[in-house]
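Just below is one structure, and these are the notes that go with it.
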Amino acid sequence: MMTVSGGLGLGMQACRAQRKIPGSIVGASAAIGHMLRDKAFEAPTVFEEKQVVIIGGGISGLSAAMHLSKAGVDDLVLLELEAYTGGNAASGSNEYSKFPYGAHYVPIPNNELKDYTAFLEEAGVITGYENDLPVYNELYLCHDPEDRLYINGKWQEGIVPNYGLGQDARQQFARFFEKMAALRLAKGQDGKDAFAIPIDTSSSDPVYTGLDTITFKQWLEQESFTAKELLWYANYCTLDDFGTTIELISAWAGIHYFAARKGKAANAHYDDVLTWEEGNGFLAAQLRNRTQAEIRTNSLVISIEEMNGKVELSYFDVQQQKVLGLRCDQCIVAAPQFINARMLSRSEPERVGLVKSHMEYSPWIVANLKVKAGLEERNGVDLSWDNVLYEGNGLGYVDAGHQKISLSQPVKNLTYYKPLKGSSNAEARKAALAKQHQEWVAEVLSDLVKVHPNLEQQLLQVDIALWGHAMIQPLPGWIWGETRKKLQQSIGDTIHFAHTDIAGISIFEEAFYQGLNAAKQVKRFL
Amino acid sequence: MDSTQKQVVRTQWLLLFSVLIIAVCGLIYELIAGTLASYVLGDSITQFSLIIGTYMFSMGIGSFLSKYFNKDLLTWFVQVELLVGLIGGISAPLLFVLFPVIDGFQFLLLFLVVIIGTLVGIEIPLLLKILKDKLSFNELVSRVFTFDYIGALLASIVFPLLFVPHLGLIRTSLFFGIINVVVSIILCYYFQKQIKRVALLKFSAFLVLIGQVLAFAFADEIMDYGDELSYQDKVVFAKSTPYQRIVLTKNREELRLFLNSNLQFSSRDEYRYHEALVHPAMSNVKQVKNVLVLGGGDGLAVREILKYPGVENIHLVDLDPEMTRLFSSHKMLAGLNENSLKQPKVTIENKDAFIWLKESRTVYDCVIIDFPDPSSFGLGKLYSNTFYNLLKRVLHPLSVIVIQSTSPLVAPKSFWCVNKTLQACGFRTLPYHNFVPSFGEWGYIMASQQAPLNVPDTFAVPVRYISTPVFLQMMTFSNDMLPKDTLEINKLNNQVLVKYFEQEWRHYTDR
Ligand SMILES: Cc1cc2nc3c(=O)[nH]c(=O)nc-3n(C[C@H](O)[C@H](O)[C@H](O)COP(=O)(O)OP(=O)(O)OC[C@H]3O[C@@H](n4cnc5c(N)ncnc54)[C@H](O)[C@@H]3O)c2cc1C
Chain A
8 MMTVSGGLGL
18 GMQACRAQRK
28 IPGSIVGASA
38 AIGHMLRDKA
48 FEAPTVFEEK
58 QVVIIGGGIS
68 GLSAAMHLSK
78 AGVDDLVLLE
88 LEAYTGGNAA
98 SGSNEYSKFP
108 YGAHYVPIPN
118 NELKDYTAFL
128 EEAGVITGYE
138 NDLPVYNELY
148 LCHDPEDRLY
158 INGKWQEGIV
168 PNYGLGQDAR
178 QQFARFFEKM
188 AALRLAKGQD
198 GKDAFAIPID
208 TSSSDPVYTG
218 LDTITFKQWL
228 EQESFTAKEL
238 LWYANYCTLD
248 DFGTTIELIS
258 AWAGIHYFAA
268 RKGKAANAHY
278 DDVLTWEEGN
288 GFLAAQLRNR
298 TQAEIRTNSL
308 VISIEEMNGK
318 VELSYFDVQQ
328 QKVLGLRCDQ
338 CIVAAPQFIN
348 ARMLSRSEPE
358 RVGLVKSHME
368 YSPWIVANLK
378 VKAGLEERNG
388 VDLSWDNVLY
398 EGNGLGYVDA
408 GHQKISLSQP
418 VKNLTYYKPL
428 KGSSNAEARK
438 AALAKQHQEW
448 VAEVLSDLVK
458 VHPNLEQQLL
468 QVDIALWGHA
478 MIQPLPGWIW
488 GETRKKLQQS
498 IGDTIHFAHT
508 DIAGISIFEE
518 AFYQGLNAAK
528 QVKRFL
Chain B
2 MDSTQKQVVR
12 TQWLLLFSVL
22 IIAVCGLIYE
32 LIAGTLASYV
42 LGDSITQFSL
52 IIGTYMFSMG
62 IGSFLSKYFN
72 KDLLTWFVQV
82 ELLVGLIGGI
92 SAPLLFVLFP
102 VIDGFQFLLL
112 FLVVIIGTLV
122 GIEIPLLLKI
132 LKDKLSFNEL
142 VSRVFTFDYI
152 GALLASIVFP
162 LLFVPHLGLI
172 RTSLFFGIIN
182 VVVSIILCYY
192 FQKQIKRVAL
202 LKFSAFLVLI
212 GQVLAFAFAD
222 EIMDYGDELS
232 YQDKVVFAKS
242 TPYQRIVLTK
252 NREELRLFLN
262 SNLQFSSRDE
272 YRYHEALVHP
282 AMSNVKQVKN
292 VLVLGGGDGL
302 AVREILKYPG
312 VENIHLVDLD
322 PEMTRLFSSH
332 KMLAGLNENS
342 LKQPKVTIEN
352 KDAFIWLKES
362 RTVYDCVIID
372 FPDPSSFGLG
382 KLYSNTFYNL
392 LKRVLHPLSV
402 IVIQSTSPLV
412 APKSFWCVNK
422 TLQACGFRTL
432 PYHNFVPSFG
442 EWGYIMASQQ
452 APLNVPDTFA
462 VPVRYISTPV
472 FLQMMTFSND
482 MLPKDTLEIN
492 KLNNQVLVKY
502 FEQEWRHYTD
512 R
């Protein structure tokens, strides 16, 4: 009920000057990353010899490492610039729960992704099979209540707008989902699924790939989807998965979000998701546990060059503040292309321009809010895993402790997501880097006080993870265009690429297969 | 300006200032009533509009009544001011204390709003009359109403931003009461000569002032007192732990334990519950040596288990250390469980059952599960198939478990959902129920993977209630305890049990 808080300190405390809320800005170390752009490093004098080197310890790099270990490659080093592995799937923890700094869930996988499901089985996520259908560990399937949407003054169940909608909007939603259900089953002339995961296994039938030349918004208009709630919902989804609005994103990518998930399970539905307190940090740790690679963190790779059939690379050891050299037979570059282009600038100077003119990355923040019990709630459905505000400023928040099975949760960690807007991504990035912690806090609060009026009083700490280049934006022409193919090409027989940005869209499965395919390449040439 | 003229001006401003105060305080009382109503009765839209409407209407009544005041205007004015201060000031503490004990809470609330509204409604016309000879009509109306509306604005700004967050409702209400009273005291002194029976008025005003200042200082105690009044009997122990609020009450015949205001047991009939919970399961195991109790920090189930001499170890896992501490050390309570928690056979662990189970490796012959009802998503997880599958890790094929499963009469869907969930996890089950006066009709489900679940020929330990013929009765369910629809299995990712439970109990308490 209410609190009759003590203290005579009224008046003296003046109005509500915003209390300074503790916390910091964490996440991808922009400062270290920028050294690559701004600093001139000397060249290493000695080169350590290794068979295989992987650059980048995100999901793509870790997946490559796991698959190489499985294939028996043991002279293997992974270099990661941060102090920890995981990349965009990194996570943190405090005394109350673990929580994600970035990626936080995966949908149940499509059944034909055998390598992926085999990994999930090893990780205990799939516990067995019934009638050939995977049985998912119910501790990891998202617990109920899964999601809620604050719309028209109430929390409704599910995030597809429903409460207080007019007849026309309802009909449009029904038609929209019918359409997507049909596209989910659609196949091209070549017999392949029109929308598949990994996307490179999708049909190249122009009937479908043609959708990559228009924006999702244009497609929605063509199909006479006009209801404001439906447009909001579609926009919410593309922002959530790609950090890109329907006005900008390619129609093919937009539809992919709705039509590519077709997993079947003994105890789950195709649109169910798997999630953990620490988000995809759980899967990152599972990958890492399955490789024998020597992992060197705090290692910023500066340059890579092919030299007489070998690869020579130099990296900056952030702790020792020293440039070191490595020479290897095979190298997997599992970092994003805007960074790769700089590492390769000596031998392939045209890359920087190519990336700059063809690749757009959206910046994001992820705020972890440590909140005391007693958060005020609006009417409707209880706190759920995913909590979204209709027409909110961000994408809402996830209750990181949702998957916990313990009853005692005196403090909650809420993870708030927001792709950043600006006149361009570069502008938004610049503005974000200039912002102070308290400004971020105020920004997050202004969005969430609408649903939790006493949030500010209950806040114990806010940590902001700032992702300057969070994810690749699948703008028209990117997925089915030539540049992406060009950038995927290995350099000679020795340097191979693996990252979700050249996969076309940024999701866990793509990263997993990027790593797997690069590992296969390496195996071929060893 | 000569001195009398100055005097007149000063008088005017003082009176106008008191209009401002009345307007502020009046609106604050109204806001307090609205907030309180939406806290305790819910549905803030209805509560606020009812209260605002009633308040405005009552001001109208006040204005109407003002025509009967024609003499001693200043005296009336001060008296009404004092009365507003008194009633408004104590409104929140009064409502707080009375909420748990009276039936017509809404009525009382509206009644207070009517009184305050009427009094405030009288004040403005009174003032108009007092000042009518001192100002032109034009000036008069303009000033009085300006102050009135400024007051309203002030109130609606400071209430949510300053007062509720910093003082809470009870203190806010008293604070404004005090201001009202202080203003009336100032007026008393200022208009010494013009007010009738001024000494008496001053005296009463100071009395009210002292009362309210004291109440302000002891606001926390008032809050606690309200808490206690919500129990019929004397509260002999109350404590909020991180997990729950534990309250123990006592009257001549019985002790009652409440967790978060839900009755857990009454000493008068708890034996019916605990005998029914423990003995059928215990009697269905050939040789019981190791017993696990999940929940049940009150030690009453343990008391029953200790009656079996063959039992070697009893492991009690209860989340709340305060519960097990209380029931080991509090004289009355330890008396009730016959010091069961202090027996050498008993080990206590204060852990979350689900987490404990994930880490546990021991195997038990019998498991007694006495969790709170599945009234939240957190508790619902403890009734899920995942939980029961995990439970198998501490069972052998012939182990017998029993689960308290809420009332099959009030909540048949919930009860049979637990049954179905257990069956889906490969348990055979034996559902039964009995009557526990302080709870009503209560249900239990006994289950085992392979042991045939029988009606015991005898209950080989001293009991007050259970016997073979009685147990036979318990296994029969009347039609009104059977579910009407097909039920789902309770899983972490559907939490159907919590939904059934909420539906059924809400329906029941709504009647
Ligand atoms: C906020 C956010 C939320 C997301 N949510 C989801 C989600 O819920 N589900 C989902 O499936 N996907 C989500 N994603 C997408 C996520 O990016 C991918 O799923 C996946 O984690 C990407 O892995 P990656 O290895 O391809 O890239 P990255 O994670 O970018 O890995 C690249 C790694 O390379 C390192 N590196 C870079 N430069 C150098 C250098 N010079 N030297 C050494 N190391 C270097 C980086 O530090 C990083 O660790 C989210 C992404 C973000 C940012």
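Sequences listed follow chains A and B, in order.
Take 8 as the starting number for the first sequence in my numbering and just add one per residue.
Take 2 as the starting number for the second sequence in my numbering and just add one per residue.
Here a beta-carbon is modelled for each residue, glycine too, at the ideal position from N, C-alpha and C.
Proximity test, Cβ basis, 9 Å: residue i and chain A
i	result
P375 of chain B	no
E307 of chain B	Going by the sequence as given, residue 307 of chain B is Leu instead of Glu. For L307 of chain B, the answer is no, since every Cβ of chain A falls outside 9 Å of its Cβ.
F259 of chain B	no
N495 of chain B	yes
K359 of chain B	yes
Inter-residue Cα distance where the pair is residue i and residue j
i	j	result
V308 of chain A	L88 of chain A	7 Å
G441 of chain B	I91 of chain B	39 Å
V456 of chain B	T469 of chain B	7 Å
Q114 of chain A	S209 of chain A	Sequence check: residue 114 of chain A is Pro here, not Gln. C-alpha separation (whole angstroms): 18 Å.
V405 of chain A	R273 of chain B	45 Å
S39 of chain B	G118 of chain B	19 Å
Q528 of chain A	A291 of chain A	22 Å
R191 of chain A	H276 of chain A	14 Å
F108 of chain B	F58 of chain B	16 Å
G122 of chain B	V456 of chain A	36 Å
T233 of chain A	R177 of chain A	12 Å
S385 of chain B	G288 of chain A	26 Å
Y170 of chain A	K161 of chain A	8 Å
Closer than 9 Å to chain B by CB, residue i
i	result
Q225 of chain A	no
H150 of chain A	yes
D278 of chain A	no
L86 of chain A	no
D212 of chain A	no
E153 of chain A	yes
N420 of chain A	no
N461 of chain A	yes
A275 of chain A	yes
Min CB distance residue i to chain C below 9 Å
i	result
N394 of chain A	Given the protein chain composition of this structure (A and B), no chain C is represented.
Contact set between residue i and chain A, taken where Cβ atoms lie within less than 7 Å
i	result
P243 of chain B	S415, P417
F355 of chain B	I412, S413
K492 of chain B	E145
Environment of residue i [buried if 16+ CB atoms lie within 10 Å]
i	result
E305 of chain B	buried
H476 of chain A	buried
D278 of chain A	exposed
V395 of chain B	buried
S67 of chain A	buried
G30 of chain A	buried
T55 of chain B	buried
Contact set between residue i and chain B, taken where Cβ atoms lie within less than 7 Å
i	result
Q464 of chain A	P166
Where residue i meets chain A, residues with beta-carbon distance less than 9 Å
i	result
T548 of chain B	Nothing can be reported for residue 548 of chain B, as the shown portion of chain B is limited to 2 through 512.
Q451 of chain B	Neighbours of Q451 of chain B on chain A: none; closest Cβ ~22 Å, over 9 Å.
Amino acids of chain B, ordered along the chain, whose beta-carbon sits closer than 8 Å to that of residue i
i	result
D389 of chain A	F378
Any non-hydrogen atom of ligand 2 within 8 Å of residue i CB
i	result
I309 of chain A	Looking at this structure, you won't find ligand 2 anywhere; what it does contain is ligand 1.
Kindly confirm or deny that the region 143–150 of chain B and the region 19–26 of chain B touch, where touching means at least three C-beta pairs closer than 8 Å. yes
Between the region 482–490 of chain A and the region 339–357 of chain A, are three or more C-beta pairs nearer than 8 Å? no
Check whether the region 272–290 of chain A and the region 132–149 of chain A are in contact - that is, three or more C-beta pairs closer than 8 Å. yes
Check whether the region 244–263 of chain A touches the region 211–230 of chain A, counting contact only when three or more Cβ pairs, one atom from each stretch, lie closer than 8 Å. yes
With three or more C-beta pairs closer than 8 Å as the rule, is the region 309–316 of chain B touching the region 425–433 of chain B? no
At a cut of 8 Å, does the region 234–254 of chain A reach the region 105–120 of chain A through at least three beta carbon pairs? no
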